[in-house]
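*Asks:*
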Amino acid sequence: DARTAERVRGGFDLLIWRVERPGGAFALRLFRPGQEQTCRKEQLVMDAAAAAGLPVPGVCAAGEWRGRPALLLEWCPGEVLVQALQRAPHQFWRLGLAFGRTQAQLHTVAPPAPLLGDADGWLRWSGDGEEALQRRLRSLAQGRPALLHLDYHPLNVLAAEGRISAVLDWSNARAGDPRADVARTHSILLAEPMGRRLPLVLRLGRYVLVFAWQAGYRRAAGPPQEMAAFYAWAGAVMQRDLAHRVGKPGGPTPEGMAGLRRWTERWKRRAGVA
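Residue numbering for the sequence shown follows my numbering, starting at 46 and increasing by one per position.
1) With respect to the beta strand (DSSP E) encompassing Cys84, which residues constitute its N-terminal and C-terminal limits?
2) From this set, Val127, Gln128 and Cys105, which residue's C-alpha is nearest Leu118's C-alpha?
3) Do you know how far the Cα of Lys313 is from the Cα of Ala273?
4) For Gly145, is the classification buried or exposed, using 16 other Cβ atoms within 10 angstroms of its Cβ as the cut-off for buried?
5) According to DSSP, simplified to helix, strand and coil, what is Trp62?
6) For Ala260, which option in Arg139, Arg113 and Leu168 has the closest C-alpha, if you only look at C-alpha atoms?
7) Which of the three DSSP states is assigned to Val53 in this structure?
8) Using the beta-carbon count (16 or more within 10 Å), is Ser184 buried or exposed?
9) Looking at the strands, I want to know which residues DSSP matches up with Ile209.
10) Is the number of C-beta pairs between the segment 287-305 and the segment 216-226 that are closer than 8 Å three or more?
11) With DSSP collapsed to three states, give me the class of Ala218.
12) Please state whether the Cβ-Cβ distance between Pro156 and Val202 is less than 9 Å.
13) Apart from the five residues on each side of it in sequence, which residues of its chain come closer than 7 Å, Cβ to Cβ, to Leu247?
14) Taking DSSP as the reference, what is the three-state secondary structure of Ala274?
15) In its own chain, which residues sit with a C-beta less than 6 Å from the C-beta of Gly68, not counting the 5 before and 5 after it?
16) Based on the DSSP secondary-structure assignment, which residues constitute the bridge partners of Gln119?
17) What residues in its chain sit with their C-beta under 8 Å from that of Arg181, if we drop five residues either side in the sequence?
18) Mind checking Glu176: buried by the 16 CB within 10 Å criterion, or exposed?
19) What separation, rounded to the nearest whole angstrom, lies between the Cα atoms of Ala47 and Val101?
20) Quick one: grab the DSSP three-state call for Pro223.
21) For Val154 and Leu245, what's the separation of their Cα atoms in angstroms?
Okay, here's the thing in structure tokens:
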């Protein structure tokens, strides 16, 4: 009974449509054929996050559309954080603080039971050949596993009226050490080799955003400890993610990847695993 439908994001792996129905606007999130488990996991994670008071789209329905698993979600107010910062650079500090506080709140959410069955899954993201780093990370384990987003960055959150109005795209969610999630965000903000392609205002302002994000997180959760191994892990994950895109349109340059490797190795040395 949709009145209108407009594609707003994605390619083959993930499509998001804005759907106008009686009663308001919704987001139709389409997964790849065969990704029923991924769709179900994302539904469980968003339900858990919403129950804990985190700003996430509510799940209105789950099912299938034209052979693809699908979630019908509430359409959340606001604009992508990158766009909000580009439009209003004076908000870098305020929104950065909110960005950090929201991630700290995320880490208080108890992971759904299916995620707890693979609480070491995030470790394997660093890929083959990183056994020494993985052993070091296991030795640093503390407390119960937290809910990790693992793709928490300014393109996956919405901002409205000086606050974070929604956290989007939970496909990477895992249970694990919250320091891994912090390190992943840190690497995306500071080490990602395509950062030079950002608009000038974002290139200049991202360091303000980073300082504000860190301050917001620390105020809410305290300063993360012994982070070197986690930063090294995040660098290894990013290298693995980007390796197949080097030199391709929209991908990193060989020089950018070399810089990322140096960044990762520096953190490995600090962690004592180089």
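Using N, Cα and C, we set each Cβ at its ideal position, and we do this for glycine too.
*Replies:* According to the structure shown:
1) Working through the sequence shown from its first residue, we reach residue 84 at position 39. Unbroken run through Cys84 is the alpha helix (DSSP H), Glu81 to Ala96; no beta strand (DSSP E).
2) On the sequence shown, position 73 is the one that residue 118 refers to. Cα-wise, what sits closest to Leu118 is Cys105.
3) Residue 273 sits at position 228 when you count from the first residue of the sequence shown. Residue 313 sits at position 268 when you count from the first residue of the sequence shown. The alpha-carbon atoms of Ala273 and Lys313 are separated by roughly 7 Å.
4) On the sequence shown, residue 145 is found 100 positions in, with the first residue counted as 1. Label assigned to Gly145: buried.
5) For the purposes of this step, residue 62 is taken as the residue at position 17 of the sequence shown. Trp62 falls in the strand class under three-state DSSP.
6) Numbered from 1 along the sequence shown, position 215 holds the residue referred to as residue 260. When only C-alpha atoms are compared, the closest one is Arg139.
7) Residue 53 sits at position 8 when you count from the first residue of the sequence shown. Val53 falls in the strand class under three-state DSSP.
8) Within the sequence shown, the letter at position 139 stands for residue 184. With fewer than 16 other Cβ atoms within 10 Å, it is exposed.
9) The residue you call residue 209 lines up with position 164 of the sequence shown. Partner(s): Ala204.
10) no
11) Locating residue 218 in the sequence shown gives position 173, counting from the first residue. The answer is coil: DSSP assigns Ala218 none of H, G, I, E or B.
12) Your numbering for residue 156 matches position 111 in the sequence shown. Your numbering for residue 202 matches position 157 in the sequence shown. Cβ distance not < 9 Å, so Pro156 and Val202 don't count as in contact.
13) The residue given as residue 247 occupies position 202 in the sequence shown. Cβ neighbours of Leu247 beyond the five flanking positions: Val127, Leu130 and Gln131.
14) Counting from 1 along the sequence shown, the entry for residue 274 is found at position 229. Correct three-state label for Ala274: helix.
15) For this step, residue 68 is matched to residue 23 along the sequence shown. Counting only Cβ-Cβ distances below 6 Å, and skipping sequence neighbours, we find nothing.
16) Walking along the sequence shown from the start, residue 119 turns up at place 74. One point to set straight first is that residue 119 is Glu, not Gln, in the sequence displayed. DSSP output for Glu119 lists Phe71 as bridge partner(s).
17) Translated into the one-based positions of the sequence shown, residue 181 becomes position 136. The answer, listed in chain order, is Ala274, Ala316, Gly317 and Val318.
18) Taking the first residue of the sequence shown as position 1, residue 176 is located at position 131. That one is exposed.
19) One-based indexing of the sequence shown puts residue 47 at position 2. One-based indexing of the sequence shown puts residue 101 at position 56. At Ala47 the pLDDT is 48, less than 50, meaning the model places this residue with poor confidence; the figure from the coordinates comes in the next sentence. Cα-Cα distance, rounded: 23 Å.
20) The count along the sequence shown starts at 1 and reaches residue 223 at position 178. In this structure, Pro223 counts as helix in the three-state DSSP scheme.
21) For the purposes of this step, residue 154 is taken as residue 109 along the sequence shown, with counting starting at 1. For the purposes of this step, residue 245 is taken as residue 200 along the sequence shown, with counting starting at 1. Roughly 36 Å between the two C-alpha positions.
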